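Here is the structure we will look at.
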Amino acid sequence: MKKRDFIFALNCILSVLSVAFAAQIAVIVADPQFSGHINQIAPVFGVAFGIVWLGGMRYLPAVFIGALLPALFAEENLLMILSVPIATVTASALSLRILESLHVRFNMERIRDALLILFMGIILSTCFGAVVESVFQCRSTGGIHWNDFKALFLTNWLAAAVGSIIITPFILTWADRSGFKLVGRQFIEVGLWLIVLSAFGLVTFQNWAPTDVLFYPMELAIFPIMAWSAIRFGLRGASAGVFVLALLAVWSLIPIFSAESTSISQSPTNVWIFVGIVSITSICLAAVMTELRHREAQISENERRLSAFTGALPDIAFVFSREGMIVDVFSANFAVMSTHRITNTERVIGKPLAAVFDANACRDFLATISESLDSNSVETLEYCLESVDVGEHWFEARVSPMSTGEQQADCVVWVAYNISTRKAAEAAIKQRDVVLNATARANHALLTTVDFDNAIDLAMREVGIAMNIERSFVFEITGGSSESYHTFNPRFEWLKNDSYQSILEHRSLQDAPFEDFFPGWYEELMQGGIIQTIGATDGHLDSKVFQELESESLLVIPMWIGGRLYGFFAMDYCSEQHQWNECEIDAARVLASSIGGLILMQEREEELRIARDQSDSASVAKGEFLAMMSHEIRTPMNAIIGYTDLMFQTNLDDVQSEQASIIKRSGKALMNLINNILDYSKIETHKMLLESIEFDLEQIMCEALEYVLPDAKEKKLQIDYELGDGVSEIYMGDPHRIRQILMNLTSNAVKFTNEGCVLMSVSLDQAKSIDGIDMLHFEVQDSGCGIAKDKFDQLFKAFTQVDSSTTRKFGGTGLGLVICKRLVERMNGEIWVESAVNAGSCFQFTIPLPRLKQLNVNYPASVVRKEMGSEYAEQIQADFAHEHPLRLLICEDDEDNRWGIKSLLELLGYEPQVAQDGVQAIELMNREVFDVILMDVRLPGQSGIEFTQAIRSGKFKQQDAQQYIIAVTAFAMNEDRTKCLAAGMNDYLSKPVEVAKLKDALIRAHHALIS
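For the sequence shown, the numbering used here assigns the number 18 to the initial residue and increments by one for each residue that follows.
This is the structure in structure tokens:
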């Protein structure tokens, strides 16, 4: 069994015995009116109430059993036996619920609790219990009739109520461990009181109500004796006195040691009513006195707390009247009192505010007092008082209205707290924020200001103004860290105004010996230390330096740039001494680091500029070299390919025809290589510009296929193209670069396809086409050898092919796809490949192109569009000149090229004139009129561009300023074409001149002249 259960069981046994004993007393004191069946006093209710109230409902069974035990030994019927136990249990449960609902404390230390316990918990509950008991007794067969119910009920109620009033307070008060305890001489006092009470009680009850009660008012003497116990000994004394009186009454009424009881002339009921009245009076008086003592103790405790609180106040408290009179002062801090101009609190009480504080403070005080009283709320005021020792002291006052009695508040409690430290912290935080903002602005100036010196000046100005310093400067230290001799030079400086000495203009500080001016500084700066100097006697500087710098307080921050000590950043006060705080040091660190970063950036920029200039020079030299090499190669290649075309017009046998074809293919391959190298060079140097002109998309596709047509025929491959639904005919863009992309892709397709077909197609991606801009999806699909997926990432790398065997078997430089990728990306497009080994490849790319409604320039139909799959483009028709009659002049300085072009034109049916420079061309133009001039750009003396500009400007008055001129040049780069057209030339042909392109140019010239 657990200890808790054991204790509960023991308490239950004690409860049963206690209730049984009380019930037996009630049986002994029976009312003779009802033949000894009914009790004159029932202490069993009082014991039951005490047990249930203190222990709870769980003790009700013990109460029932205890009340039942005495009745079991009486010769009564069942209802009579159960009347008292059931009434006791019912009344106990009811009283507990009533008192719990009223939140009563059972120690009765408040008069409220005592009254509720006596009247609600006892008198009312016993009334209900008496009803239950009386009903059971009338229903029994014990001889009590219903006619006697009223008398029976009143007797039972009185017995239960008086018994409870006597016993229950005794149990409750003596069960409370915090009750009154006797100490010292109080034992003697209690003993005397008990003797007096017993004596008067015996006399009173032994002589109760004789013939003439007025002659013997002895019962009145009991009241002062009980009042004395209630006042002196509290609830325990009062309840104990009542209990003693009850015992004396029982002693007198019941024959215990004698055969007969005391004879009284009145009913015993009056005795118990008297005892009940004495009990109620004593308990209530004791409760009142106990509550008063508690209140007095609480008041005393509050006074002690208030005294301790006011003594522990770090600051000061006042009581002010509405009129501004000082009612009271509380303070244990003499320094705060002195700040408030108070030397003795007693001397200022009763004086007006004006007698202590200045006019401004009085005005603020009175306004705050009035506002607090009028609004009946707590108000706050921050005020400042001057002190001769420290200076300003800041206080925060909390002002609360204070009423006196039931009247409206006419005074305020003024509690003031010293907030000088907080104000100083707020000022420091505010200054820190100002410095941080200035540092941020300084960094912004360093990052955004273009001029280097101006950026540093702005940065130092921002921080200098925020920190209120008078000068800041940057010194550069020269000489390595391992050297023992160093010099320094001022690099940058900021002055608050012109009244302070300039460091930059001080000659003695130019290339000055660092160790002489700043002994020991170099080692300290090398260790990252910060140097602070205050006053001329500071050990960090000698008097010479102070004479030179005129500095009172100096802060020095080392500046590290690229891992080396560059110098130091310093700021100082010239007119006063200053103690540098952590915020200022941090701001100086940040500014020094930022300036150092800018200096490092400027040094790096200078290095990068030099490297860039060298790189640009190398790129320009490379570009010029490539352009010159291109020109020098194209010039003889023009003759080679041109004369090869002429050879095809002669009677060649099969071997000779094959050899001529090899010569031409090799020449084209060489030209393609040169073009790729030039394009890649321009792309890498970001010099490639895209055109935006109108062009025929289908013609561009046909021209790209035309380029690979001979190789495809040789391999017997089927070549075709498709235009998807919705694809427009005319777009705006760079046709030359789109053609170049398609040529590279189809060339690769033909190169790596031995049998099958090559298909070029274009479709419209509707989902990505918006606002008149079509997203075109190009595909070049072949049935060749295919590419493994793990090789895809190598396809678009410069000078890279899938493997070395590709180069050995098929040749090439690996630039074609790289150029395609860069061109597509320049056009805001995307390129990719889908392929598998032995399953062919499909190269795809998408580019956005603006759609045009109609073609503004009439382009002639492409040769390939006229006859796909034939060698029409390579044929020279003798009747071509008849269809497109033109008077032609060739201006070419190279004799081979000059006669090669002349021969081609003659085979076409023309009779061209030739000139080797501009002078001969003018002479020929003066003799006859030419429809078209085929102009070389690189002519001896005056270039072709200069010659064209002279014609357009009207320098040759006899010549037509609108003369149609076609540039025929070995300068084949796109910018060369742009230069020629910008100079006024009408068309452009790059060397080597191909028959098809020559014929197209002549067709365009003829159409332009006849229009």
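All residues carry an ideal CB built from backbone N, CA and C; glycine is no exception.
Nothing here was measured: the structure is a model prediction, and the numbers come from that model.
Simplified DSSP state of residue i, which is helix, strand or coil
| i | result |
| --- | --- |
| MET243 | helix |
| MET844 | coil |
| THR661 | helix |
| ASN435 | strand |
| PHE347 | strand |
| GLU711 | strand |
| TRP597 | coil |
| GLY773 | coil |
| SER822 | Summary for SER822: the model assigns pLDDT 48, below 50, so the residue's position carries little reliability; its value from the coordinates is reported in the next sentence. Helix at SER822. |
| PHE860 | strand |
| GLN811 | helix |
| ILE333 | strand |
| GLU675 | helix |
| ASP911 | coil |
| ILE551 | strand |
| GLU1011 | coil |
| GLU3 | Here the chain covers residues 18 to 1028 and nothing more, so residue 3 does not appear. |
| THR307 | helix |
| MET990 | coil |
Nearest-angstrom Cβ-Cβ length linking residue i and residue j, presumed shorter than 8 Å
| i | j | result |
| --- | --- | --- |
| SER745 | THR770 | The pair is not a contact, with the Cβ atoms about 30 Å apart (cut-off 8 Å). |
| ILE139 | THR172 | With a Cβ gap of about 17 Å, ILE139 and THR172 do not count as contacting. |
| HIS357 | ILE386 | The pair is not a contact, with the Cβ atoms about 16 Å apart (cut-off 8 Å). |
| GLN509 | ALA529 | Correcting the residue type first, residue 509 is Phe in the shown sequence and not Gln. Rounded, the Cβ-Cβ distance is 16 Å, inconsistent with contact. |
| LEU906 | ILE950 | 5 Å |
| LEU1019 | HIS901 | 6 Å |
| LEU690 | ALA721 | 18 Å between Cβ atoms; not a contact. |
| GLY180 | ALA59 | 4 Å |
| SER718 | VAL775 | Contrary to the premise, residue 718 reads as Met rather than Ser in this sequence. Incorrect: roughly 12 Å between the Cβ atoms, too far for contact. |
| LEU16 | VAL480 | The question about residue 16 has no answer, for the chain in this structure spans 18 to 1028. |
Local Cβ density within 10 Å of residue i, reported as buried at 16 or more and exposed below that
| i | result |
| --- | --- |
| GLU23 | The sequence shown places Phe at residue 23, not Glu. Result: exposed. |
| PRO752 | buried |
| ASN761 | buried |
| VAL467 | exposed |
| TYR738 | buried |
| ASN460 | buried |
| PHE534 | buried |
| ILE637 | The sequence given here has Val at residue 637, not Ile. The residue is exposed, with fewer than 16 neighbouring Cβ atoms inside 10 Å. |
| THR1044 | Nothing in the structure corresponds to residue 1044, since the chain is present only between 18 and 1028. |
| MET576 | buried |
| THR550 | buried |
| PRO1030 | This structure cannot speak to residue 1030, because the chain is shown only from 18 to 1028. |
| ALA890 | In this prediction, ALA890 scores a pLDDT of 42, lower than 50, which makes its location untrustworthy; the coordinate-derived value is nonetheless stated afterwards. ALA890 comes out buried. |
| LYS838 | buried |
| ARG194 | exposed |
| ILE30 | exposed |
| LYS883 | Caution is warranted here: a pLDDT of 41 is assigned to LYS883, below 50, making its placement in the model unreliable, and the coordinate value is therefore given only provisionally. By the 10 Å Cβ count, LYS883 comes out exposed. |
| LEU231 | Confidence at LEU231 is low in this model, with a pLDDT of 41, below 50, so the placement of that residue should be treated as unreliable; the coordinate-derived value is given next. Classification of LEU231: exposed, given that the 10 Å Cβ count is below 16. |
| GLU569 | buried |
According to DSSP, residues forming a beta bridge with residue i
| i | result |
| --- | --- |
| MET576 | GLY584 |
| ASN287 | None; ASN287 has no bridge partner. |
| THR504 | THR495 and PRO530 |
| SER778 | GLU739 and GLU796 |
| CYS997 | CYS997 is not bridged to any residue. |
| GLU409 | GLU403 |
| MET342 | PRO369 |
| CYS719 | For CYS719, which the question treats as bridged, DSSP gives no partner whatsoever. |
| ASP515 | In the DSSP output, where bridge partners are listed per residue, ASP515 has none listed. |
| LEU866 | ASP791 |
| ASP1004 | ILE983 |
| GLU510 | PHE490 |
| GLN930 | LEU906 |
| GLU851 | CYS859 |
| GLU396 | VAL416 |
> Which whole runs of the alpha helix (DSSP H) in the segment 415 to 492 are 4 residues long or more, in chain order?
Replying inline: Taking 4 residues as the shortest admissible run, the segment 415 to 492 contains the following complete alpha helix (DSSP H) segments, listed from N- to C-terminal end: 437 to 465 and 469 to 484.
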